[in-house]
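K.L.:
Position in the sequence shown (first residue = 1) + 15 = the working numbering.
A virtual CB, placed ideally from N, CA and C, is assigned to each residue, including glycine.
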Amino acid sequence: MQSPAALGIGGDASPHVMFIPSAGMGHLLPFFRVIAALANHDGVDISVVTVLPTVSAAEADHLAGLFAAFPAVRRVDLHLLPFDDASEFSGHDPFVLRWEALRRSVHLLRPLIAGAPRVSAVVTDVTLASHVIPIAREIRVPCHVLFVSCVTMLSLLAYVPVHLAGDKKAELGPGVGAGDVDIPGVRRIPQSCLPPPLLDLSSLFAKQFVDNGRAITSADGILVNTFEALEPAALAALRDGKVVPGFPPVYAVGPLKPHTSSSPATDDTNKPVGSGSPAAWLDEQPPRSVVYVAFGNRSAVGRDQLREIAAGLEASGCRFLWVLKTTTVDRDDAAELADVLGGGFLERVRQGRRGLVTKAWVDQEALLRHPSVGLFLSHGGWNSVTEAAAAGVPLLAWPRIGDQRVNAAVAASGGAGVWMERWSWDGDGEGRLVSGEEIGRRVKEVMSDAAVRARAARTGEAAAMAVAEGGTSYRSMQAFISKLKAT
Ligand code: UDP
Ligand code: UDP
16 MQSPAALGIG GDASPHVMFI PSAGMGHLLP FFRVIAALAN HDGVDISVVT
66 VLPTVSAAEA DHLAGLFAAF PAVRRVDLHL LPFDDASEFS GHDPFVLRWE
116 ALRRSVHLLR PLIAGAPRVS AVVTDVTLAS HVIPIAREIR VPCHVLFVSC
166 VTMLSLLAYV PVHLAGDKKA ELGPGVGAGD VDIPGVRRIP QSCLPPPLLD
216 LSSLFAKQFV DNGRAITSAD GILVNTFEAL EPAALAALRD GKVVPGFPPV
266 YAVGPLKPHT SSSPATDDTN KPVGSGSPAA WLDEQPPRSV VYVAFGNRSA
316 VGRDQLREIA AGLEASGCRF LWVLKTTTVD RDDAAELADV LGGGFLERVR
366 QGRRGLVTKA WVDQEALLRH PSVGLFLSHG GWNSVTEAAA AGVPLLAWPR
416 IGDQRVNAAV AASGGAGVWM ERWSWDGDGE GRLVSGEEIG RRVKEVMSDA
466 AVRARAARTG EAAAMAVAEG GTSYRSMQAF ISKLKAT
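1. Would the beta-carbon of Ser292 be found less than 7 Å away from any heavy atom of ligand 1?
2. In this structure, what does DSSP give as the bridge partners for His31?
3. Could you tell me which whole alpha helix (DSSP H) segments of length 4 or greater appear in the stretch 41-96?
4. Report buried or exposed for Gln300, applying the criterion of at least 16 other Cβ atoms within 10 angstroms of its Cβ.
5. Here's the rule: buried if 16 or more other CB atoms are within 10 angstroms of the residue's CB, otherwise exposed. What is Thr373?
6. Can you determine whether any heavy atom of ligand 1 sits closer than 7 Å to the C-beta of Glu153, and answer yes or no?
7. Taking DSSP's pairing of strands, which residues face Asp140 in a bridge?
8. Looking only at C-alpha atoms, which of Ser233, Thr139, Leu245 sits nearest to Pro263?
9. When the Cα of Ser207 is compared with those of Thr341, Arg415, Asp298, which residue comes out closest?
10. Ignore the nearest five residues each way along the sequence and tell me which others in Arg155's own chain have a CB closer than 7 Å to its CB.
11. Which residues in the same chain as Ile148 place their Cβ atom closer than 7 Å to its Cβ, once the five residues preceding and following it in sequence are excluded?
12. Would you tell me roughly how many angstroms separate the C-alpha atoms of Glu476 and Phe242, rounded to the nearest one?
13. Bridge partners for Tyr489 per DSSP, in chain order?
14. What residues in its chain sit with their C-beta under 7 Å from that of Ala72, if we drop five residues either side in the sequence?
15. Going by beta carbon distance, what residues of the same chain come within less than 6 Å of Asp283, once the five residues before and after it are set aside?
16. Sorted by chain position, which residues of the same chain lie with C-beta nearer than 6 Å to Leu328's C-beta, five sequence neighbours on each side aside?
17. How many angstroms separate the CA atom of Leu271 from the CA atom of Arg48?
18. Exposed or buried, which one is Ala280 when buried takes at least 16 other CB atoms within 10 Å?
19. Is any non-hydrogen atom of ligand 1 found closer than 7 Å to the C-beta of Ala309, if you look at the structure I gave you?
20. For Ala280, which of helix, strand or coil comes out of DSSP?
21. Got a sec? Which residues, its chain only, sit under 8 Å from Arg89 by beta carbon, not counting five neighbours each side?
22. Apply the 10 Å Cβ neighbour rule to Thr502 and answer buried if 16 or more other Cβ atoms are within range, or exposed otherwise.
23. Would the beta-carbon of Ala315 fall within 8 Å of that of Thr275?
24. Take Phe85 and list the residues in its own chain whose beta-carbon comes closer than 8 Å to its own, dropping the five residues that flank it on each side.
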């Protein structure tokens, strides 16, 4: 751990930073990681706004774990107001709905900030930016944003309002999409790779996205869980004002380190099928022989597709560790693995000892660092991409929703793995299943591709250099802390 002096902390100033995360583990975990990085240094006082109730059990468990691990971190509860219009949005992604509920409750923050010891800076999740930045400005507290996706997504967020303002269409009404977005100095993002709700600019997500995109240019700074070698052009373009002139400072501080080594306990209903715990099972496998398969915490892969994945993993002949979720929210996930995958598959997994399937929460970041893991079949959630990059494990990226196609493109160009561009994603409709045969073939092919493996190893080395003392991410974090101290 770096010394406080090395990080530019010392003297009398003791900044008090209030973190305002939103919902979803993909948003909470990077917050926890930044909080841990700051909490491990004397002289930084921290409060964390805890939004209640949580959407998922994983969020509740991890919030409890954070406050247990860092007793000096102050917990500030924010009880959401009832969301009266929720029925108007029935069928919406529960996390996007939660972002909206939070945005509508955000005025409750003002008394929370005023009631805490003098807050010297706020760090908000991007999903709340357009509501939190004006409040912070009003009470004269600097406001930073922690952006939980890649810098390329950040440039898209910043540029979409400019892109739409220049659109010749008379009316950007329902059903009208953003079209291809050519981000100056970054890359052209075809409409097919945009988060799908941007294909209907009247959608709730699109409205939030455009509002936050406009607001983010007036933030005091933006922290991103990325590193220079992964997306150098996008970082340079944002910093040079090519995307939006006068863009705030961007602190690339990744890959963020885990905030605690422990993970919540596995209950019996989620006992892995195979043998032993994931880590113990990996200990028994040869080096680089296992495909780790996981689609994040909130991507529900359809049952038919899950069965094709099962067939593909068997056909690949590779060992596999599969962390399987069947619902968007973990609390709804009551499915039995045998019903989902078929008893025959599970029996063969058990007997052949070639695989392990679990519905439990696992410590993914630690598992990816296990020497037995040779490939990560992933949805390409940004945290997963950075964890794989840090571990030097190649990704076989199969985007499903949201920012994942953009992330997959960045991962592939940054040397972190391979992007299955033609594999279907949510919303492609029936009949667009990727067959077990195709999955098996590609897994086997990429698993044995020495060039892919060597590139991922180099990306892992670049990630380690970035966070080591004197590295680019280390210095960015140092600059951020110095700025906090100066306010
Ligand atoms: N994760 C984990 N164990 C699980 C499921 C998820 O540690 O059983 C972590 C994973 O390592 C990552 C985060 O949850 O840090 C998921 O974020 P990501 O951006 O990859 O995907 P999302 O869930 O937002 O789609
Ligand atoms: N996002 C954003 N502004 C918003 C809402 C979302 O920049 O107002 C970004 C955010 O980084 C998120 C991405 O868009 O990661 C895609 O959102 P998605 O619905 O896939 O959620 P996530 O996977 O982050 O949970």
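P.N.:
Quick answer:
1. no
2. Asp60
3. 72-84
4. buried
5. buried
6. no
7. Leu161
8. Ser233
9. Arg415
10. none
11. Cys158, Ala230, Ser233, Ala234
12. 12 Å
13. DSSP, once it has assigned bridges, lists no residue as partnering Tyr489.
14. Asp345, Arg346
15. Confidence in Asp283 is poor, its pLDDT being 45 and thus under 50, which makes the residue's placement too unreliable to answer from.
16. Phe335
17. 6 Å
18. Low confidence applies here, because Ala280 scores a pLDDT of 44, under 50, leaving its location unreliable; read the following figure in that light. Classification of Ala280: exposed, given that the 10 Å Cβ count is below 16.
19. yes
20. Residue placement at Ala280 is flagged as unreliable, the pLDDT there being 44, under the threshold of 50; a coordinate-derived value is accordingly withheld.
21. Asp60, Ile61, Ser62, Val63, Ala131
22. exposed
23. no
24. Ile50, Ala51, Ala54, Ile61
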